[in-house]
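Chains as they are written, first to last, in the numbering used here: chain H, 177 to 429; chain X, -17 to 479.
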Amino acid sequence: MIDAIGRPQSVLVLGGSSEIAQAIVAKLVPARCRTVILAGRDSPRLLAAAESAAAAGADTIETVDFEATDVEHHAAVIGNIFEQFGDIDLVVVAAGVLGDQDVDEHDPAAAAGVLTTNFAGLASAMLAVADRLRHQGYGRLVVLSSVAGLRARKANFIYGASKAGLDAFSQGLADSLHGSGVSVMIVRPGFVVGRMTSGMAPAPLPTTPEAVAEAVVRGIESGASVVYVPPLLRWAFAVMRTLPSGIWRRLPG
Amino acid sequence: MAGPPTRRELLTGWGRTAPSAADVLHAVHPDDVPQAFAAEASDPANQRGLIARGLGRSYGDAAQNAGGLVVDATWLDAVHQIDLTHGLITVGAGVSLETLMERFVPLGWFVPVTPGTRMVTVGGAIAADIHGKNHHRDGSFCSHVTRMTLVTPTGTREVSPGSDPDLFWATAGGMGLTGVITDATLQMIPVETSYLLVDTERAADLDDVMAKMVSGDDGYRYSVAWIDCQSSGSRLGRSVLTRGDHARLDQLPDRLRRDPDRARAFHPRTLVTVPVTPPGGLLNPLTVGAFNEFWFRKAPKHQMAKPHHMTGFFHPLDGVGSWNRLYGPRGFLQYQFVVADEEGETVRRVIERLSALKLASFLAVLKRFGPGDPGPLSFPMAGWTLALDLPVGYHRLDGLLDELDQLVLAAGGRVYLAKDSRVSPEGFAAMYPRLGEWLAVRRRVDPDGRLRSDLGRRLGLCQDVRPEPAPAPKKKRAPAKRAARPKAKPSTERITP
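Below you can see the structure in the form of structure tokens.
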């Protein structure tokens, strides 16, 4: 169960090998989270994430095969997880790919792949999760969105559009779950320095997986519905969303 | 769900934290309760158990059952039998202590134990084995219960301390996880009037108030101290101590003595209701500090035998409707613990921690308990108990309270489940070493683990409880250990830490 201070005792991560998710789990486990289920593509990274959760001291750690694009099987995969492990307090939606804008712009199928993984696939999985959480009468969904979805930039509009879709979907889902005992928190980090962005020049106000994890844990504690990391981005983007398009498209990067 | 009509509702405890949705069923007749058990069992798609709920005054998640069935027992409010000669009354479990006082105080009988609010049901009072300002004299609520009807998944039972002491005392403080109480018989205490003669005095610091309580409490039926947790240094723990006894008619002032009906009257009123939930942060160190200063200064330095009406003496906060809203949208929690008499130093260390952090705690309340009753999960035991209201939302509240748990545990103490909303399963099991006995009784009356609550799930009391093949009698199971998980499916990999 989730306690009065918001601490979960069990967590399911969709996209279990995500660096940010790993950092979140590392903070939750010492704060009483005993069960960690990492759903993701079977890979050495997923096993490494499981081992780090074990090292943090979780009692039950399992990995489950989960493919974001395999929408046909989402209901069954998610259903099995809840059957097998019982109630899940917190579900972190962390799966996602960055893609390669320059290549994908000229490879429509690859672009559609990014959109499917980051948006359509996760939307399908989240609906399956939402059904189970609604049934159990409580729970919390944490969705890793991005400020890239707030206004698409020419430099990464395919990724940005996928996050815009995910973000809008999560807002709607949050409203739809109102009163069911289930709540949704949307996390909008800026440029996260890490594996996904290795080799890229950081955008202004960069952050780290640890900082995102800290913000997520604090957000859970304070009952936030939207969290920006770093927090300053909330105001930066309030301005940037209103910039005239002529200026917006000339911004570097 | 088949059976009696239910409605999906979002529920919290009095602290307004950790909401969860459940199907709520209003039991209007005791027979509805076994029917609810049958309905729950007959729906294979939704076997998330059942818990009773009264007036929702437990601070945490005791009367919630996420995704399951919650039996609202407040309509089981009939008065079944009255013996005014001996003060024995049999009432439905949904009758509130307020109703008991309104009806029986004018007839010369008062409830044997009342907490800081009248808005609790008899069923809830038993399930939490509540205590009051008279614990050092009269013990806790269940010591005054002579029998009850308990509906369990394995049948309806008439339970008394003599007929089935294990089940009776497992139900006392068992937080509803041994069955649904539908009625109970109470031994009331005789009173002549609805007034008390109260002595009030200020104490300069913690040593002063503790010394006064140790030396003087035995002379009073009721005793409690309010502590200013924000004072520090030489004034750490400055307090207002109020103690009193029921007033006889001849002890009251003339105007009341000449009008015995008025001297026995009990008409509680809600003076004002908090209409909406204000934004968080209204109760901050500044406002609470100002209140604490005011409360301390307003108390007379020393006043003897002043007549106070029961409502003001026992239940001052009941005059303000929905006062729990004042803590804002994130809600609040109450941390209440007890430690043995010789561990008074722990009380000091807790107050020092709070004082150092300048956390806004309203009305910290200190009191001395007498010996506990035999309930394995009953909270009171001889010693000091301190209760602190704390707003949720302050960063690091979690760490602070975990630290306080360690202090309390090291002193052999425990926290009160009716107030708890955040203790860990391991901490809880260590605080209640007789948990194994309690679990054995629960398995006897509820072998399939059908009685469930959010509190029970959080503390690992009712997770996947399955009938064990052949449990050795009185075998103590590692209490906080989770039930074995099913084997991983082939598509999954298990990693052992």
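Glycine residues also receive a C-beta, built at the ideal position from the N, C-alpha and C atoms.
Contact annotation for X/S343 against chain H: no contact, minimum CB-CB distance about 15 Å [criterion: below 8 Å].
The residue from X/A369, X/D355, X/F361 with its alpha-carbon nearest to that of X/L348 is X/A369. Counting only runs of 4+ residues, the alpha helix (DSSP H) found wholly inside the region 221 to 277 of chain H occupies 250 to 261, in chain order. Of all residues in the region 341 to 361 of chain H, the ones placed with a Cβ closer than 7 Å to any Cβ belonging to chain X are G355, S356, G357, in chain order.
DSSP places H/A328 in the coil class of the three-state scheme, outside both helix and strand. For X/F86, the closest C-alpha among the options X/M157, X/M170, X/V52, X/E324 is that of X/M170.
Contacts between X/G31 and chain H, judged by CB atoms closer than 8 Å, are missing: the closest CB pair is about 11 Å apart. Taking the Cα of X/G395 as reference, the smallest distance to any Cα among X/Y414, X/E408, X/A18 is reached at X/Y414.
Judged by their CB atoms, X/L386 and X/V427 are not nearer to each other than the 7 Å cut-off.
Between the alpha carbons of X/D227 and X/R119 lies a distance of about 11 Å. If only complete runs of 4 or more residues are kept, the region 207 to 281 of chain X shows the alpha helix (DSSP H) at 236 to 239, 242 to 245, 267 to 280, in order along the chain. Beta bridge pairing from DSSP links H/V212 with H/V187, H/I237. The three-state secondary structure of X/L7, taken from DSSP, is strand.
Here DSSP, grouped into helix, strand and coil, assigns X/F361 to coil.
C-alpha of X/G262 to C-alpha of X/D436: approximately 25 Å in a straight line. Approximately 7 Å separates the beta-carbon atoms of X/A322 and X/A364; this is inside 8 Å, confirming the contact. A distance below 7 Å separates the beta carbons of H/G313 and X/A48. In the same chain as H/R210, and ignoring 5 residues on each side of it, the C-beta atoms closer than 8 Å to its own belong to Q185, S186, A234, D235, T236, in chain order.
When DSSP states are grouped into helix, strand and coil, H/A391 belongs to the helix group.
H/V363 is not a Cβ neighbour of H/V393, given a cutoff of 7 Å. Secondary structure at X/I108: helix, using DSSP grouped into helix, strand and coil.
In this structure, X/A166 lies near X/V104, with their beta-carbon atoms less than 7 Å apart. Shown in chain order are the members of the region 386 to 407 of chain H whose Cβ falls below 9 Å from a Cβ of chain X: R394, E397, S398, G399. Check the Cα spacing between H/P380 and each of H/V369, H/A387, H/A251: the tightest is with H/V369. Sixteen is the threshold: when 16 or more other Cβ atoms of the shown chains lie within 10 Å of the Cβ of X/I163, as they do, the residue is buried. For X/G438, not one C-beta of chain H is nearer than 7 Å to its own C-beta. Within chain H, the residues I181, R183, A207, E397 have their CB atoms less than 8 Å from the CB of X/D380, given in chain order. By the rule that beta-carbons nearer than 7 Å mark a contact, X/V390 does not touch chain H.
Rounded to whole angstroms, the gap between the alpha carbons of H/D278 and H/P284 is 12 Å. Among the bridge pairs identified by DSSP, X/K288 is matched with X/V180. The C-beta of H/H249 comes no closer than 7 Å to any C-beta of chain X. At a cut-off of 7 Å between C-beta atoms, X/G49 counts as an interface residue with respect to chain H.
Check the Cα spacing between X/F314 and each of H/S398, H/A224, H/T384, H/I257: the tightest is with H/S398. When C-alpha distances from H/D218 are compared across H/V403, H/S194, H/D351, the shortest belongs to H/S194.
The contact set of X/R404 on chain H, defined by CB atoms closer than 8 Å, consists of D179, A180, I181, R183 in chain order.
When 7 Å is used as the limit between beta carbons, H/Q312 is near these residues of chain X: A48, G49, in chain order.
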